[in-house]
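Residue numbers (the numbering used here): 203 to 351.
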């Protein structure tokens, strides 16, 4: 009877270790997400992994999961107009990464690409748009009285 319990204990331990290895070799990519595989020996692989359950080599490969859905981001910007007035604008941006470029984005910018790239781009674009809108409003106010006369 003792040998039976000993063999059941060994079998249970073997199943637990085997289950742990299998569990560490699987990862899930949720809907709307993509993964890039980082290999400790070869670096970032060029293939982008889609949705579903996938295998990897435990302790050698690591999945980096990106959200590829359209996400909003609010960027507050204080800019000056041509007549030296400060204009407070909050810009709402909907953005998503290009899935085929995820390995390049990860290697050159990192996982927090939106924190690094979006503020500088949006500030410059918004300032140029504010200047052009101000010029259009200035033109509109000058032309309108002539149209009414």
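Using N, Cα and C, we set each Cβ at its ideal position, and we do this for glycine too.
Quiz item: Secondary structure at residue 299, three-state DSSP: helix, strand or coil?
Solution: coil
Quiz item: Are three or more beta carbon pairs between the stretch 318–333 and the stretch 270–281 nearer than 8 Å?
Solution: yes
Exercise. Please determine, among 298, 213, 312, the residue with the shortest C-alpha to C-alpha distance to residue 274.
Key: 298
Self-check item: Cβ separation of residue 295 and residue 324, assumed to be a contact under 8 Å, to the nearest whole Å
Solution: 6 Å
Quiz prompt | Assumed close pair residue 265, residue 229 - CB separation to whole angstroms, cut-off 8 Å | solution = 5 Å
Quiz item: Taking the alpha-carbon positions, what's the residue 251 to residue 286 distance?
Solution: 51 Å
Self-check item: Local conformation of residue 349 per DSSP, three classes
Solution: For residue 349, the predicted structure reports a pLDDT of 47, less than 50, and the residue's modelled location is therefore unreliable. A value from the coordinates is still provided. In the structure shown, residue 349 sits in a helix (DSSP, three-state: H, G or I).
Quiz item: Considering residue 262, what are the terminal residues of the beta strand (DSSP E) in which it resides?
Solution: Segment: none, residue 262 is in no beta strand (DSSP E) and carries neither H nor E.
Quiz item: Between residue 245 and residue 237, what straight-line distance do the alpha-carbon atoms span, to the nearest angstrom?
Solution: 14 Å
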